[in-house]
Structure formats: C-alpha cells, structure tokens
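So the structure is just underneath, and the comments pick up after that.
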Amino acid sequence: MNTFVVAFCSILISAAAQFSLKAGMSADAVKTAMQQPFSIKTLLVILTDKFVLGGFLLYGFGAVVWLWVLSKWEVSKAYPMVGIGFLVTAVVGAMIGEHISLSRGAGIVMICIGIWFISNS
Numbered sequence: 358m359n360t361f362v363v364a365f366c367s368i369l370i371s372a373a374a375q376f377s378l379k380a381g382m383s384a385d386a387v388k389t390a391m392q393q394p395f396s397i398k399t400l401l402v403i404l405t406d407k408f409v410l411g412g413f414l415l416y417g418f419g420a421v422v423w424l425w426v427l428s429k430w431e432v433s434k435a436y437p438m439v440g441i442g443f444l445v446t447a448v449v450g451a452m453i454g455e456h457i458s459l460s461r462g463a464g465i466v467m468i469c470i471g472i473w474f475i476s477n478s
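Count the sequence shown with this note's numbering and you get residues 358 to 478, in order.
Here it is, written out as structure tokens:
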C-alpha cells in the first residue's frame, strides 16, 4: 500500500476528530457545563458527549494508522506531513462557514510548499 495514501488517511481521520471535538464542545449541555466552576460533573458532561467521545475514538484510530506510516518512513519525513491537516481543516472549515483570512491562507500555502519539499527529499 502507498505510504503517502495511508499517511493522508491518518491525517483525514485526525481532521475529522477535530471537527467532532468542536461539535461536542459546541453542544448546549457542554456549553452550560463550561460556564460553571470546574468540577468532576463538568468533566463528565464533556467526556460523555457523543461528539467528544467520537473525536477521541477517531484520534485513537488515526494514531493506529499513523503507526503503520512510522514503520515505513523516517520520522523526519513522516511528521511534517501532518501539516497537510492544516489545509484539510481550513478547507472543511471554510465549507462550514469559518472565515479563513488572507494571512492564514498564506501560512497554509507556505506549509504546503514545505511539505512538498520534504516529500520529494
């Protein structure tokens, strides 16, 4: 199997985890709990939210997939590929209405250029 494809899948899974966690932290019950002084109850409300749980599960699965990538590539080549996640999250964020400023977009382009150099080394 192509290592780049597997790495990209792991990165997509991690990006999905971010959006799942964001959805969970935006839930009404979690927002209400976050307005209270921190307590075990607050923590339980957060950790039992289905989207927060889903986000953690996605991160775990993405990490398992990433282990395969690390078995094939040097860390100095593999880890910078995680930067593709910046592009993925920005594109998905824009699709759901998040504002991507010019400077943020320029930064993402620079990250992608760096990834291109690393992937061709």
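Each residue gets a CB set at the ideal place from its N, CA and C atoms; glycine is no exception.
Everything numeric in this text was worked out from a predicted model, so none of it was measured.
Status (buried if at least 16 other CB within 10 Å, exposed otherwise) for residue i
i      : result
Leu415 : buried
Gly381 : buried
Leu378 : buried
Gly417 : exposed
Phe395 : exposed
Val426 : buried
Ile470 : exposed
Thr389 : exposed
Val432 : exposed
Residue i versus residue j - alpha carbon distance
i      : j      : result
Ala420 : Ser367 : 7 Å
Phe443 : Met452 : 14 Å
Gly482 : Ile472 : The question about residue 482 has no answer, for the chain in this structure spans 358 to 478.
Phe474 : Gly464 : 16 Å
Ala435 : Leu424 : 10 Å
The alpha helix (DSSP H) enclosing residue i, as first and last residue numbers
i      : result
Tyr436 : Counting along the chain, Tyr436 falls outside any alpha helix (DSSP H), and DSSP gives it neither H nor E.
Tyr385 : Note that residue 385 corresponds to Asp in the displayed sequence, not to Tyr. Unbroken alpha helix (DSSP H) run through Asp385: Asp385 to Met391.
Phe408 : Lys407 to Lys429
Ile368 : Thr360 to Met382
Exercise. For the segment 395–414 against the segment 369–379, are there 3 or more C-beta pairs whose distance is under 8 Å?
Worked result: yes
Exercise. Just checking, does the segment 393–408 make contact with the segment 452–459 on the three C-beta pairs under 8 Å criterion?
Worked result: no
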